[in-house]
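S.K.: Quick note on UniProt numbering: the sequence shown kicks off at 1 and runs consecutively.
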Amino acid sequence: MRGAALAGLQMEPGGPVQTTANRLAALVARAAAAPTAMIHVAEGRSIRLMGGWGVPPGYPRTAAIPASHTLFGLVIQYGFPLVIEDVRLDARVPAEAPVRAMGVRSYAGFPVRDPDGVIVGVCAVMDMHPRHWLAEELAAVDEAAQTCTALVGQRYARQQVEIQRSFLDTLLNSLDTGVLACDPDGRLVMVNRSLRLLLGIAADYQPPEQWLRALPVTHPDGRPFTADEVPVLQALEGRHVHGVEHAIATPEGGRRLYSVNAHPITRADGERLGAVSVFHDITLRRRAERFRGCELAVTLALNEAQTVEEAAPRVLAAIAETLGWPYAELWLVEPTPGGEVLRHVDRYRSPRLSSDLTPPARLMPGQGLAGTAWQRAQPVWQTSVGETGGPVTVEAADHAGLRTALALPISSGGRTLAVMTLFADEVEDPQDDLVDTLSGVATQIGQFIERRRAEELQHALTASKDEYLHLVGHELRTPLTVIASYIELIEEADPASTLAEVAPMTAAIQRGSDRLRRLVEALLDLSSLDSGRAEVRRAPIDFADVVAAAVDKARPAAEAADVTITTYLPADLQITGDRERLSQMVAELLDNAITFTPAGGRIEVRLTRGEDWADLIIADTGAGIPEEERPHIFQRFYRGQITTERAIAGAGLGLPVAQLIAQRHHGEITLLPTDTGTAMCVRLPVDPLAVKPPPPTQVGPPAAERAQLLEAPADDFE
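(1) Helix, strand or coil for GLY293? Go by DSSP, reduced to three states.
(2) Straight-line CA distance for ILE119 to THR147?
(3) One question on the structure: do residue 730 and THR322 come within less than 8 Å of each other, judged by their Cβ atoms?
(4) Considering only residues of the segment 95-154, which uninterrupted beta strand (DSSP E) runs meet the minimum length of 3 residues and lie entirely inside it, listed in chain order?
(5) I need the DSSP call for ASN592, collapsed to helix, strand or coil.
(6) Apply the 10 Å Cβ neighbour rule to VAL568 and answer buried if 16 or more other Cβ atoms are within range, or exposed otherwise.
(7) In chain order, what residues of the same chain lie with their CB nearer than 6 Å to the CB of ARG314, ignoring the 5 residues before and after it?
(8) When burial is assigned at 16 or more other CB atoms within 10 Å of the CB, is VAL161 buried or exposed?
(9) On the DSSP bridge assignment, give the partners of LEU422 in chain order.
(10) Can you tell me whether DSSP reads LEU6 as helix, strand or coil?
(11) So, for MET364: in the same chain, excluding its five sequence neighbours on each side, which residues have a beta-carbon less than 7 Å away from its beta-carbon?
(12) Look up GLY371 in the DSSP assignment and say whether it is helix, strand or coil.
(13) Please identify the residue among GLU668, HIS129 and PHE543 whose C-alpha is closest to the C-alpha of ALA34.
(14) Beta-carbon separation of ALA658 and LEU616 under 8 Å?
(15) Quick check: the segment 541-554 against the segment 573-583, are there 3 or more CB pairs under 8 Å?
(16) Anyone know if the C-beta pair for ILE76 and ALA42 falls short of 8 Å?
(17) On the DSSP letters alone, give me the boundaries of the beta strand (DSSP E) that THR567 sits inside.
(18) Tell me, please, whether the segment 400-416 touches the segment 438-455 by the rule of three or more beta-carbon pairs shorter than 8 Å.
(19) Just tell me which of GLU611, TRP381, GLY414 and SER485 has its CA closest to the CA of MET420.
(20) From the DSSP output, which residues share a beta bridge with HIS344?
(21) Could you tell me the distance, in whole angstroms, from the CA atom of LEU197 to the CA atom of ALA318?
(22) Three Cβ pairs or more, each shorter than 8 Å: is that satisfied between the segment 231-239 and the segment 171-186?
(23) For LEU257 versus ALA247, is the C-beta spacing smaller than 8 Å?
(24) With distances taken Cα to Cα, identify the nearest neighbour of LEU199 among ARG187, PRO207, ARG213 and TYR205.
(25) What is the rounded straight-line gap between the Cα of VAL260 and the Cα of GLN367?
(26) Would you decide whether ALA550 is buried or exposed? Buried here means 16 or more other CB atoms lie within 10 Å of its CB.
(27) Between ARG285 and GLY577, what straight-line distance do the alpha-carbon atoms span, to the nearest angstrom?
(28) Count the CB pairs spanning the segment 49-64 and the segment 20-31 that are closer than 8 Å, and state whether there are at least three.
(29) Return the CA-CA distance between ARG538 and ALA297, expressed in angstroms with no decimal places.
(30) Drop a sphere of 10 angstroms on the beta-carbon of ILE163, count the other beta-carbons inside from all chains shown, and report buried for 16 or more, exposed for fewer.
(31) For my contact list, ASP425 and PRO326 are in at a C-beta cut-off of 8 Å; report their separation, rounded to the angstrom.
(32) Would you kindly work out how many angstroms separate the C-alpha atoms of THR19 and PRO216, rounded to a whole number?
(33) Please tell me whether VAL112 and THR70 are closer than 8 Å, where the distance is taken between their beta carbons.
(34) In whole angstroms, what separates the C-alpha of GLY270 from that of TYR59?
(35) Based on the DSSP secondary-structure assignment, which residues constitute the bridge partners of THR19?
(36) Taking the C-alpha atoms as reference points, what is the distance between THR393 and ARG352?
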């Protein structure tokens with residue numbers, strides 16, 4: 001270290017250090033009345049000329065020369081002054097000493113020491129003649145050596161400051177923690193590398209009013225900092241600032257949180273030299289804290305909910321608000337006759353979202369972001385929402401300001417049960433820690449869904465058992481009792497009885513047998529449709545013709561019940577489906593309407609076509625379905641209060657069978673709201689390649705939307 005420090009004293013020829021050393025050598029030469037004076041510094045085992053006066057021609061002024069066998073080396077080696085009156089007669093002078101070749105006859109050299117007393121050089125005078133050195137001459141050389149010590153010390157101190165500054169700069173620039181310092185006027189004097197990259201500013205000595213405007217820094221809630229709130233400027237006033245949170249927009253478009261401390265920089269006498277501010281990244285810590293709260297909120301929401309639909313709003317809100325993301329959705333995997341689909345359950349929308357979004361009701365595997373995550377069974381990041389498909393169009397996503405999305409499958413037992421999609425209005429890179437944390441939340445949700453499904457299945461099994469017991473106790477026992485009773489009467493009848501006398505009893509047996517057969521056929525049909533064993537033969541058919549044929553077949557029963565059927569059917573409406581099954585579906589709905597419509601009532605059958613679907617609406621003027629019974633009408637074996645009070649025969653299987661047939665055709669049957677009577681709507685998909693026929697000429701007003709049928713005046717039924 002000492003050698004390196006002294007080596008730095010010898011700068012380029014004519015430099016300030018060499019000029020000072022040359023002048024000092026001239027002064028000592030005059031004071032000692034010597035023709036030559038030289039000041040050397042040590043560099044390891046070599047020496048280098050720092051300054052000289054009257055240096056002999058050819059002496060190396062810039063190159064280092066070996067110190068061995070030199071008089072300068074002897075001074076450095078032994079640490080004492082060396083005074084020689086005649087080189088040729090002094091035994092201490094090595095035979096190979098360079099001074100002999102130079103013609104030097106007398107020599108006086110004194111050591112130059114650094115501030116710690118270590119010899120780092122030699123100050124010496126020489127003469128080409130033997131001489132006795134006087135005490136005042138030697139004192140002059142000694143004083144010059146001490147002056148060199150001060151010169152070396154001053155330079156050494158400067159170098160130590162430079163070395164320490166280099167170490168400090170290297171240390172600060174290697175830190176991930178941001179460090180910023182300013183002078184007493186608030187001008188930036190130091191910004192370390194990590195903070196320069198984050199803030200995009202450098203220490204350019206600008207006044208505060210200039211560099212403050214360039215900072216991409218806000219409060220966590222987005223409010224800008226005023227000059228009075230900036231920690232480093234507060235520290236300039238003598239305050240110590242701790243834990244002020246900053247939100248910093250990153251160059252990539254993201255956002256990170258920092259905890260900032262600031263302290264004044266003062267001298268020992270209290271003079272203020274400036275202030276320093278330190279930025280600690282707390283993004284992950286804050287996220288971990290928020291997620292602990294999120295997990296608790298999700299746990300509470302799941303514990304207090306009975307169904308996924310009930311838990312979804314609180315779960316989505318807890319997760320989205322924890323992330324600070326403005327939009328979230330929950331999709332549930334549900335089986336259908338055509339295969340599993342994702343059903344939209346609920347969503348969370350932040351008030352700050354610039355526009356509303358409308359997700360589809362269902363998604364197929366691989367469709368959109370949620371469908372892709374479901375298909376892959378792994379999380380999917382999307383940093384350009386809409387480019388690869390999603391719950392919204394590219395235009396809607398851009399308009400809403402969405403930039404990043406994450407779809408997370410919710411699984412249990414190796415099977416995906418649901419998918420959660422989350423959307424941010426900032427660009428965020430994929431983060432493993434975020435996915436890991438959300439996966440824990442997803443596991444909670446998956447266990448809840450699995451548990452609730454198990455409970456629902458247990459409830460359904462119990463209910464099914466009760467329904468079957470009721471069926472056996474009523475629907476099967478009644479006809480069996482009738483059959484057994486009449487068989488017993490026949491057995492007890494007079495063997496001589498005529499056929500005419502026995503015929504009424506055999507007819508009753510036949511009716512009971514038919515009732516049992518219909519019930520068994522309905523149960524078998526329901527089971528085969530439900531399990532997927534029933535084959536659905538799809539082919540192009542005219543659905544209008546299917547409906548017309550079913551109405552014609554039902555008219556005798558309607559006339560017998562004094563019920564009028566009016567139809568509004570197009571001339572042709574092509575769809576793809578199973579003609580027999582669709583006929584069965586329409587017949588079930590017509591039979592249901594005839595059964596519950598009193599004498600003198602009316603039934604209207606209306607068939608219309610939309611862009612990609614066909615709507616069949618069957619409305620009657622019957623007693624209607626009470627509000628509390630509406631959610632249950634498609635449950636198998638369900639029989640409403642009116643059915644029970646009027647003792648209407650049936651097992652409660654007609655509507656469930658009709659619904660299953662519609663679902664096997666990728667459609668559905670819904671109960672429409674109406675003030676009087678009942679209105680059922682069958683919606684089936686239409687082949688998009690089928691040619692749309694011209695609007696048919698119909699009796700009565702044209703059909704438009706499904707709801708308009710229910711608003712038709714009563715005269716339409718007359």
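Just so it is clear, CB atoms sit at the ideal spot from N, CA and C, and this is done for glycine as well.
In this text, all values refer to a predicted model and were calculated from it rather than measured experimentally.
M.R.: Reading off the structure:
(1) Along the sequence shown, read from residue 1 onward, the residue named residue 293 stands at position 293. In the structure shown, GLY293 sits in a helix (DSSP, three-state: H, G or I).
(2) For the purposes of this step, residue 119 is identified with residue 119 of the sequence shown, where counting begins at 1. For the purposes of this step, residue 147 is identified with residue 147 of the sequence shown, where counting begins at 1. Looking at the two C-alpha atoms, the distance is approximately 14 Å.
(3) The structure shown does not extend to residue 730, since the chain spans only 1 to 718, so no value can be given for it.
(4) 106-113 and 119-127
(5) Numbered from its first residue, the sequence shown carries residue 592 at position 592. Three-state result, ASN592: helix.
(6) By one-based count along the sequence shown, residue 568 stands at place 568. According to the sequence displayed, residue 568 carries Tyr and not Val. Burial call: buried.
(7) Your numbering for residue 314 matches position 314 in the sequence shown. Counting only Cβ-Cβ distances below 6 Å, and skipping sequence neighbours, we find ALA301.
(8) Position 161 of the sequence shown holds residue 161. VAL161 is exposed by the Cβ-count criterion.
(9) Indexing the sequence shown from 1 puts residue 422 at position 422. For LEU422, which the question treats as bridged, DSSP gives the partners ALA328 and LEU406.
(10) Taking the first residue of the sequence shown as 1, we reach residue 6 at position 6. Only weak support is given to the placement of LEU6: the predicted model assigns it a pLDDT of 42, under 50, and the value that follows is read from those uncertain coordinates. The answer is helix: DSSP assigns LEU6 an H, G or I state.
(11) Reading the sequence shown from its first residue, position 364 is the one you call residue 364. Closer than 7 Å at Cβ, skipping near neighbours: VAL341 and GLY371.
(12) Residue mapping note: residue 371 aligns to position 371 of the sequence shown, counting from 1. GLY371 falls in the helix class under three-state DSSP.
(13) The count along the sequence shown starts at 1 and reaches residue 34 at position 34. Here the closest residue by C-alpha is HIS129.
(14) By 1-based counting over the sequence shown, the position of residue 658 is 658. By 1-based counting over the sequence shown, the position of residue 616 is 616. No, these two residues do not count as a Cβ contact at 8 Å.
(15) yes
(16) The residue you call residue 76 lines up with position 76 of the sequence shown. The residue you call residue 42 lines up with position 42 of the sequence shown. The answer is yes: Cβ separation under 8 Å.
(17) Your numbering for residue 567 matches position 567 in the sequence shown. Segment 564-568, the beta strand (DSSP E) holding THR567.
(18) yes
(19) Residue 420 sits at position 420 when you count from the first residue of the sequence shown. Looking at the Cα atoms, TRP381 is the closest of the given residues.
(20) If you number the sequence shown from 1, residue 344 lands on position 344. Answer is TRP331.
(21) Position 197 of the sequence shown, counting from 1, holds the residue named residue 197. Position 318 of the sequence shown, counting from 1, holds the residue named residue 318. Answer to the nearest angstrom: the Cα atoms are 33 Å apart.
(22) yes
(23) Your numbering for residue 257 matches position 257 in the sequence shown. Your numbering for residue 247 matches position 247 in the sequence shown. Yes.
(24) The residue labelled residue 199 in the question sits at position 199 within the sequence shown. Residue ARG213 is the option with its Cα nearest to LEU199.
(25) Residue mapping note: residue 260 aligns to position 260 of the sequence shown, counting from 1. Residue mapping note: residue 367 aligns to position 367 of the sequence shown, counting from 1. Straight-line Cα distance between these residues: approximately 45 Å.
(26) Taking the sequence shown and counting its residues from 1, one reaches residue 550 at position 550. The residue in question, ALA550, is buried, as its Cβ has 16 or more Cβ neighbours within 10 Å.
(27) For the purposes of this step, residue 285 is taken as residue 285 along the sequence shown, with counting starting at 1. For the purposes of this step, residue 577 is taken as residue 577 along the sequence shown, with counting starting at 1. ARG285 and GLY577: Cα-Cα distance of roughly 58 Å.
(28) yes
(29) As a first step, residue 538 is located in the sequence shown; it is residue number 538 there, counting from the start. As a first step, residue 297 is located in the sequence shown; it is residue number 297 there, counting from the start. Approximately 49 Å between the Cα atoms of the pair.
(30) Residue 163 sits at position 163 when you count from the first residue of the sequence shown. ILE163 is exposed by the Cβ-count criterion.
(31) For the purposes of this step, residue 425 is taken as the residue at position 425 of the sequence shown. For the purposes of this step, residue 326 is taken as the residue at position 326 of the sequence shown. That pair is a contact at about 5 Å.
(32) Here residue 19 refers to the residue found at position 19 when the sequence shown is read from its first residue. Here residue 216 refers to the residue found at position 216 when the sequence shown is read from its first residue. Those two C-alpha atoms are separated by around 51 Å.
(33) As a first step, residue 112 is located in the sequence shown; it is residue number 112 there, counting from the start. As a first step, residue 70 is located in the sequence shown; it is residue number 70 there, counting from the start. Cβ distance not < 8 Å, so VAL112 and THR70 don't count as in contact.
(34) The residue labelled residue 270 in the question sits at position 270 within the sequence shown. The residue labelled residue 59 in the question sits at position 59 within the sequence shown. Cα-Cα distance, rounded: 53 Å.
(35) For the purposes of this step, residue 19 is taken as the residue at position 19 of the sequence shown. Answer by DSSP bridge pairing: none, since THR19 is not bridged.
(36) Taking the first residue of the sequence shown as position 1, residue 393 is located at position 393. Taking the first residue of the sequence shown as position 1, residue 352 is located at position 352. Confidence is the limiting factor: at THR393 the pLDDT is only 40, short of 50, which leaves the residue's position unreliable and the question unanswerable from this model.
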